[in-house]
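Notes follow once the structure below has been shown.
Residue numbers (this note's numbering): 177 to 260.
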């Protein structure tokens with residue numbers, strides 16, 4: 177369960193970092209991905225565990241491959257396991 181929580185938090189960090197790097201607001205990401213802005217906010221804060229389908233929509237909205245978004249999430253989790 178601890179690992180699952182870490183993965184969900186890292187997914188949120190990866191989404192937020194990419195969105196900010198692109199200079200997008202949560203509203204803009206919501207529009208480009210078709211995912212509700214409030215749900216995106218909850219994902220970024222690690223409060224929601226989105227489905228594969230939603231992650232795919234979000235990665236499309238972030239102009240990146242699904243696999244790259246997941247890889248960024250895995251890299252975060254790996255780093256947090258080392259330091260945590």
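Ideal Cβ positions, reconstructed from N, Cα and C, are used throughout, including at glycine.
From a predicted model like this one, the values you see are computed outputs, not experimental measurements.
Inclusion of residue 246 and residue 220 in the CB contact set at 9 Å is not warranted, their separation being larger than that value. Per DSSP, residue 225 lies in no alpha helix (DSSP H) segment and is marked neither H nor E. Counting only the Cα atoms, residue 182 lies some 17 Å from residue 216. Cβ-Cβ distances below 7 Å link residue 230 to 211 in the same chain, with the five nearest sequence neighbours on each side left out; the list follows chain order. For the pair residue 226 and residue 232, the Cα-to-Cα distance works out to about 10 Å. Between residue 214 and residue 242, the alpha-carbon positions lie close to 21 Å from each other. As the crow flies, the alpha-carbon of residue 218 is around 11 Å from that of residue 202.
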